[in-house]
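Notes to accompany the following structure.
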Amino acid sequence: KIIYGQLRKDIGAILRKLCEMKDVEIIEAHAMPDHIHMLVRMPKTSVSSFMGFLKGRSAILIHEHHANLKYNYGNRTFWSKGYYVSTVGLNQKTIQKYIREQEAEDRIKDSISKREYVDPFKK
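Residue numbers (the UniProt record's numbering): 1 to 123.
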């Protein structure tokens, strides 16, 4: 969970620039601590080739701007191999709301679960 502070801002700028290069419109996006949610409108192109471009090029640019990541985390790639893609129709507004509010909802759930947690090994 490293996507915060200046790194978070830089990732946003990098992803916006790369999407612009491919004529991909970012409708909604939000950086979570360990992944990114993006709702985009793409031209007719292969999703897998765009994702390969986006993840591959952004990883290179992120490591160029934040060389300490390679030192801290070794030569591992920045992004995981997988990604989730779905088409959006009438539920676009719902998905935009989810992307916008998910981090706040996760924080609420985390704070509730921490208060309710009981250590099963403690007497």
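All C-beta atoms, glycine included, are put in the ideal place defined by N, C-alpha and C.
A quick note: this is a predicted structure, and the numbers were derived from the prediction, not measured.
> Contact check, I60 vs V40 under 8 Å by CB: the rounded distance?
Replying inline: That belief does not hold up - the Cβ atoms of I60 and V40 are roughly 20 Å apart, past 8 Å.
> In the DSSP assignment, what are the bridge partners of I36?
Replying inline: A31
> What are the boundary residues of the alpha helix (DSSP H) that includes S48?
Replying inline: 47-65
> Out of curiosity, what's the CA-to-CA distance linking A31 and M38?
Replying inline: 9 Å
> Smallest Cα separation from residue 168: which of R8, H35, R16, C19?
Replying inline: The displayed coordinates of the chain run from 1 to 123. Any statement about residue 168 would go beyond what the structure contains.
>> Is there a Cβ of chain B sitting closer than 7 Å to that of G89, yes or no?
In response: Of the protein chains in the structure, only one exists, and it is not chain B.
> How should K55 be labelled, buried or exposed, when 16 other C-beta atoms within 10 angstroms of its C-beta is the threshold for buried?
Replying inline: buried
> How many whole angstroms separate the CB atoms of I99 and S58, which I take to be in contact at a CB cut-off of 8 Å?
Replying inline: That belief does not hold up - the Cβ atoms of I99 and S58 are roughly 18 Å apart, past 8 Å.
> How long is the line joining the alpha carbons of T94 and V47, rounded to whole angstroms?
Replying inline: 22 Å
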